[in-house]
Each structure stands twice: as C-alpha cells, then as structure tokens.
Amino acid sequence: AEAAPALVASEAQRQKLVSAKDLRKLRRQVNEKMQSALAVTNEMGSVQEQLRTLSHAVDALSQIMVDELDAVGADMTQSKVEASDQMTTLAKGMQSFTPELTGLRTSSDRCR
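Written out as structure tokens, the structure reads:
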C-alpha cells in the first residue's frame with residue numbers, strides 16, 4: 211500500500227516537471243511572438259514614415275506642376291495679346307499704305 215502513495219507522489223512531481231517545462235516552452239513562444247510583433251510594428255512604422263515622406267513629395271511636385279502650368283498659361287495669354295497687337299498694327303499699316311499702293315498702280319498703269 212505504501213508503493214501507491216510513492217507512485218502518486220512521483221506522478222505529481224512529473225506533472226509539475228511537465229508543467230514547468232510547458233510553461234518555459236510557452237514563455238519562449240510568447241517571447242518569440244512578441245519579438246516578431248515588435249519587428250512587424252517597427253517595420254510598419256518605417257513603411258508609414260516612408261508613405262508620409264512620399265505623400266509630401268507628391269504634394270510638392272503637384273504644387274510645382276500647378277505653378278508651372280499657371281505660368282505657361284499666363285505666358286500664352288501674354289503672347290496671344292502681343293500677337294493680336296502686332297496684327298492690329300500690321301492691319302493699320304496696310305490700311306495706311308493702301309491709298310499709296312493704289313496711287314502707285316494708277317501711276318504705273320499710266321506710264322505704260
């Protein structure tokens with residue numbers, strides 16, 4: 211009858227050992243998962259920072275493009291106004307020469 215309590219005691223001790231071994235294994239697994247989670251979190255933070263930087267760069271480039279397009283539009287408008295002014299000046303010049311050209315033609319026709 212004494213062997214049974216010793217057997218029970220050794221079984222209880224084995225369960226404690228297994229339990230302690232399982233706890234160490236579980237702690238190791240938890241630590242590994244925490245380290246993995248921290249690595250992922252750090253990587254995500256890095257990716258988020260890169261995305262923020264990229265977003266700022268895209269915003270800056272977009273603003274530069276808008277400014278350049280506005281400048282090109284203003285230049286085109288100015289060129290159009292200048293060309294229109296030159297055409298008006300040429301038209302006025304032609305109107306002032308028309309009577310003289312008509313007179314020259316008439317003189318030329320008489321001389322023939």
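Using this note's numbering, the final residue of the sequence shown is 322, and nothing's skipped along the way. For each residue, glycine too, the CB sits at the ideal point set by N, CA and C.
Taken atom to atom, the span from the alpha-carbon of L314 to that of Q296 is near 26 Å. Looking at the backbone, the Cα of D319 and that of L311 are separated by about 12 Å. When secondary structure is reduced to three states using DSSP, R322 falls in the coil class, being assigned neither helix nor strand.
When rounded, the separation of the alpha-carbon atoms in L261 and I274 is 20 Å.
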